[in-house]
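This report refers to the structure that appears directly beneath it.
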Amino acid sequence: MSHAIRLEQLQKTYANGTEALKGIDLQVREGDFFALLGPNGAGKSTAIGILSSLVRKTSGRVEVFGHDLDRAPQEVKRRIGLVPQDFNFNQWEPVEEIVINQAGYYGIPRRIAYDKTRKVLKELDLWGKRRAQARSLSGGMKRRLMIARALVHEPPLMILDEPTAGVDIEIRRSMWAFMEEINRAGTTIVLTTHYLEEAENLCRSIAIIDDGMIVENSSMQALLHRLHRQAFLLTLRAPIQSLPEGAPVSLCIRDEYTLEAVLEQEQTLNSLFDWLNRQGMEVLSMRNKQNRLEQFFLDRVKKKVEAA
Amino acid sequence: MSRRYWVAYSTIVIKEVLRFMRIWGQTILPAAITTGLYFLIFGTLIGERIGEMGGYSYQSFIVPGLILMAVITNSYANTVSSFFQAKYQRHIEELIISPVPNWIILLGYVSGGVARGLVVGAVVTGITLFFSDVGVVHPWLTLLVVVLTSILFALAGFINAVFANSFDDITMIPTFVLTPLTYLGGVFYSISMLPEFWQKLSLANPVLYMINAFRYGILGVSDIRPETALLLILAFILVLAAASLWLLNRGVGIKS
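As given, the protein sequences belong to chains E and C, one line each in that order.
Position 245, counted from 1, in the first sequence is what numbering that gives the first Met the number 0 calls 244; the numbers after and before it change by one each time, with no gaps.
Position 75, counted from 1, in the second sequence is what numbering that gives the first Met the number 0 calls 74; the numbers after and before it change by one each time, with no gaps.
Given below as structure tokens:
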């Protein structure tokens with residue numbers, strides 16, 4: 000199996016003594032849509048910084064599509080497109096120039112760079128703003144500009160560090176659709192996000208990093224399957240004052256129209272609905288109380304804090 | 000240089016040139032106004048009372064110094080402000096993550112500095128033609144000195160930007176080091192006018208060598224042997240280029 004990214008015993012200690020990465024091992028398969036999650040200060044940005052050559056590693060090995068970062072840094076850089084967390088373009092430059100220049104840094108001649116720039120700006124709905132200074136763009140447009148800039152040299156690996164932070168739901172959805180499209184076209188994507196719903200919906204694999212260590216690394220399906228309990232909120236047609244005895248799962252009344260059901264791993268929704276039917280209670284709608292990944296994430300990170 | 004590197008290099012240079020041309024009111028115009036004032040005050044009003052210097056009218060004598068002073072200041076200012084802004088706004092990251100070798104990044108920024116130095120130098124030369132009719136005695140030497148001096152100060156500006164952490168840091172060196180060295184480097188006088196002690200002390204000022212070599216190129220007169228000046232400029236360029244590249248390779252000021 001070929002890997003887009005392979006990290007071995009990657010370690011980073013900053014000059015002030017902070018140990019941001021404590022020797023992590025991580026593999027990302029070619030073509031994967033990979034979520035790298037973790038609380039603030041866990042080491043995600045440091046790992047991404049090392050991958051994209053913005054941060055110097057203290058020790059360990061980094062390989063991108065089989066190219067070693069120490070031995071062939073240019074080969075590694077050529078294969079990565081980075082969308083960083085913060086806006087890092089020249090705010091005074093026109094949108095078009097920012098993207099054309101980035102193509103130039105990757106050795107793409109200006110005439111071809113112009114065509115590629117037009118293509119990505121149109122795809123990201125920024126063509127109409129091509130002559131505008133970057134500082135005049137809205138937050139969502141600035142995010143899309145960073146994606147356009149990262150895509151212009153057509154990298155096989157895209158690293159997106161919280162690309163949808165601070166953008167409205169409509170733009171977020173269009174960005175999700177765009178990311179899915181480029182992933183379907185073969186681009187490996189590594190995504191960090193604080194919107195766990197985003198990671199759950201888009202990503203096929205996941206790693207959770209906490210305190211400089213990988214605390215979870217598996218496929219999204221396998222991880223969600225391991226959830227020990229799930230909580231659901233059920234909206235009832237008729238109001239309810241008290242619960243009958245003998246519910247097959249843990250149930251409680253949230254308000255007169257809402258029930259909260261907590262299912263352990265071995266319990267099924269069928270048994271709950273059979274019981275509700277028998278009680279003559281009609282359910283109008285049902286939703287997860289908490290996003291499933293969020294629940295797992297909080298459990299996993301909390302467990303570590305408790306162990307410490 | 001491979002085609003890929005050439006494209007990257009030319010991209011940096013085009014970006015740099017567009018940057019200073021876009022803000023010509025801040026980058027080119029001030030030098031033109033300042034030089035015009037120098038000529039008006041020192042050349043025309045005061046110069047007539049000074050008489051000849053080095054066999055030339057005072058107005059003609061100060062032409063090379065004023066041109067080179069503008070070149071020095073602007074070559075330095077371009078790299079220091081452009082590279083520091085790239086650090087400050089973090090768009091230097093665009094270059095760090097891309098497969099551009101550090102020597103190309105350095106060459107690109109220095110070329111941008113040289114481009115601004117030469118553009119401003121040309122504008123200032125145009126203004127001097129309103130006030131004097133100086134010819135060029137050694138055109139190739141003149142061109143060589145102006146380009147090398149511009150490279151030297153573009154490199155110095157780059158190093159300043161690498162270490163700078165605030166906008167104050169990029170104005171300190173030009174104000175407290177560059178301006179005194181330039182003013183005391185023989186722009187407005189020949190060191191032969193000075194007492195012996197000050198003459199000897201002036202020889203420790205590297206700018207003196209550049210201005211005199213440039214004056215030799217234009218007027219054919221100099222306080223310093225032009226060969227000595229050229230060797231000194233080249234030595235400084237080598238040292239500063241090596242230092243700049245070392246700093247870039249170490250990621251000083253740009254990588255954590």
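Just so it is clear, CB atoms sit at the ideal spot from N, CA and C, and this is done for glycine as well.
Note that this is a predicted model, so its numbers are computed, not measured.
- At a cut-off of 9 Å, the C-beta of K14/C has a neighbouring C-beta in chain E.
- In this structure, the beta-carbon distance from Y108/C to F157/C falls below 9 Å.
- Across the segment 14 to 29 of chain C, CB contacts with chain E closer than 9 Å involve K14, L17, R18, R21 and I22, in sequence order along the chain.
- Interface annotation, Y256/E: not in contact with chain C, CB-CB separation never under 9 Å.
- With a cutoff of 9 Å on beta-carbon distance, L180/C and V146/C are scored as not near each other.
- Within the same chain, I223, A228 and L231 come within 6 Å of Y208/C by CB-CB distance, once the 5 residues on both sides are set aside.
- I188/E is bridged by DSSP to F32/E and M157/E.
- Here L154/C has V109, I236, L239, A240 and S243 as same chain residues with Cβ atoms under 7 Å from its own Cβ, once five neighbours each way along the sequence are excluded.
- Within the segment 86 to 118 of chain C, the residues whose Cβ lies closer than 7 Å to some Cβ of chain E are Q88, R89, H90, E92, E93, L94, I95, I96, S97, P98 and V99, listed in chain order.
- Contact between V186/C and M68/C holds: CB atoms are separated by about 5 Å, below the 8 Å threshold.
- Among the CB atoms of chain E, none fall inside 9 Å of the CB of I172/C.
- Closer than 9 Å to the CB of R148/E there is at least one CB belonging to chain C.
- One finds I96 in chain C with Cβ atoms closer than 7 Å to the Cβ of S51/E, taken in chain order.
- Taking 7 Å as the cut-off between beta carbons, the residues of the segment 243 to 255 of chain C near chain E are G250, K254 and S255, in sequence order.
- The CB of A7/C comes closer than 7 Å to the CB of G103, Y104 and G106 in chain E, given here in chain order.
- Interface annotation, I169/C: not in contact with chain E, CB-CB separation never under 9 Å.
- For the set F129/C, L151/C, G134/C and R48/C, the Cα lying nearest the Cα of A114/C is the one of L151/C.
- Residue state for T267/E is assigned as coil, using DSSP reduced to three classes.
- Close partners of K76/E in chain C (Cβ separation under 7 Å): I96, S97 and P98.
- Put simply, the CB of E96/E is near chain C, with a gap under 9 Å to one of its CB atoms.
- Boundaries of the beta strand (DSSP E) around A206/E: S204 to D209.
- At a cut-off of 9 Å between beta carbons, W175/E makes no contact with chain C.
- The alpha helix (DSSP H) runs of length 4 or more contained entirely in the segment 99 to 175 of chain E are, from start to end of the chain, 109 to 122 and 138 to 150.
- At least one beta carbon of chain C lies nearer than 9 Å to the beta carbon of R55/E.
- When DSSP states are grouped into helix, strand and coil, Q229/E belongs to the strand group.
- A straight line joining the alpha-carbon of D24/E with that of P38/E spans about 18 Å.
- Along the segment 191 to 221 of chain C, there is no position whose C-beta sits under 7 Å from a C-beta of chain E.
- When the five nearest sequence neighbours on each side are left out, the beta carbons in the same chain lying within less than 8 Å of the beta carbon of W126/E are those of R117 and L120, in order along the chain.
- When C-alpha distances from M140/E are compared across F86/E, L68/E and L53/E, the shortest belongs to F86/E.
- Its chain contains G30 and P155 as the residues whose beta carbon lies nearer than 8 Å to that of G185/E, once the 5 sequence neighbours on both sides are disregarded; these appear in chain order.
- Between I47/E and V189/E, the gap from beta carbon to beta carbon is short of 9 Å.
- For Y13/E, at least one C-beta of chain C is nearer than 9 Å to its own C-beta.
- In this chain, the beta strand (DSSP E) harbouring I213/E covers M212 to S218.
- In this structure G211/E is in contact with K21/E, their Cβ atoms being roughly 4 Å apart against a cut-off of 8 Å.
- Taken in chain order, the whole alpha helix (DSSP H) runs of length 4 or more contained in the segment 13 to 47 of chain C are 23 to 26 and 28 to 37.
- One alpha carbon belongs to A131/E, the other to E95/E, and they sit about 8 Å apart.
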